[in-house]
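Residue numbers (the working numbering), protein chains in the order written: chain A, 32 to 150; chain B, 18 to 123.
This report refers to the structure that appears directly beneath it.
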């Protein structure tokens, strides 16, 4: 069974750094792209960025470029989303998703990681 | 950048009724259009891809149609578990692979 299991909820203060994870299982991790999707409270879905585990080829939504960094560790089949300096506006649910190519739909979703940034 | 719109924002329907949800793209996305369902408190899940192909395990009461810029998701006979938010997504042109704003079934 394909699974994407994300790290648990986080509560952080503005200015702090954070790295959340997405552990893949049930398939060949290098064979699929991993993307990240943001959902602010009560809002819709926003595509943030995508990465190819084989070579870490990465593409960002211009709206998120420079604000977050995505990466992978192929040795442990895990993808990451990180912030160097959080803002209150980063408060949201973040989902990792799997796609077979860079231009495709997402057939598997993580359960989501809720990030709350508050002073 | 392709912009996706969905209508209506909210659709009030009853059990057993037919629901028709619309999705429009600001330019052609060919057949690169997917639909996702998000139940309250859950992650979204893939329903339809390639405009009309149901994902694994999706009941036959869900169907997709359309081409180019105009797309439709139809639920033929609503069940209680279908009351959710539905998003369309284009994956024809990147970045970003835009999602629509969603339609809520009430």
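Cβ atoms here follow ideal geometry from the backbone N, Cα and C, with glycine treated the same way.
If you're wondering where the values come from, they're calculated on a predicted model, not measured in any experiment.
Short CB-CB distance (under 7 Å) between residue i and chain C
i: residue 79(B); result: No chain C appears in the structure shown, which is made up of the protein chains A and B.
Rounded straight-line distance, which links the Cα of residue j to that of residue i
i: residue 119(B); j: residue 68(A); result: 15 Å
i: residue 37(A); j: residue 55(A); result: 9 Å
i: residue 107(B); j: residue 75(A); result: 15 Å
i: residue 65(A); j: residue 71(A); result: 20 Å
i: residue 107(A); j: residue 24(B); result: 42 Å
i: residue 122(B); j: residue 79(B); result: 14 Å
i: residue 105(A); j: residue 87(A); result: 9 Å
i: residue 147(A); j: residue 98(B); result: 29 Å
i: residue 123(A); j: residue 104(B); result: 18 Å
i: residue 98(A); j: residue 109(A); result: 21 Å
Beta-bridge pairing of residue i - partner residues as DSSP gives them
i: residue 36(A); result: 54(A)
i: residue 100(B); result: DSSP output for residue 100(B) lists no bridge partner at all.
i: residue 114(A); result: 49(A)
i: residue 83(B); result: 88(B)
i: residue 43(A); result: 148(A)
Distance CB(residue i)-CB(residue j) smaller than 7 Å
i: residue 143(A); j: residue 53(A); result: no
i: residue 60(B); j: residue 126(A); result: yes
i: residue 37(B); j: residue 91(B); result: yes
i: residue 117(A); j: residue 40(A); result: no
i: residue 81(A); j: residue 90(A); result: yes
Taking a Cβ distance cut-off of 9 Å, strictly less, list which residues of the region 108-119 of chain B are near chain A, in chain order. 108, 109, 110, 111, 112, 113, 114, 115, 116, 117, 118 and 119
Beta strand (DSSP E) runs contained entirely in the region 42-72 of chain B, provided each spans 3 or more residues: 50-55 and 62-66
Looking at chain B, which residues of the region 89-108 of chain A have a Cβ within less than 8 Å of any of its Cβ atoms? Residues of the region 89-108 of chain A with a Cβ closer than 8 Å to any Cβ of chain B, in chain order: 90, 91, 92, 93 and 94.
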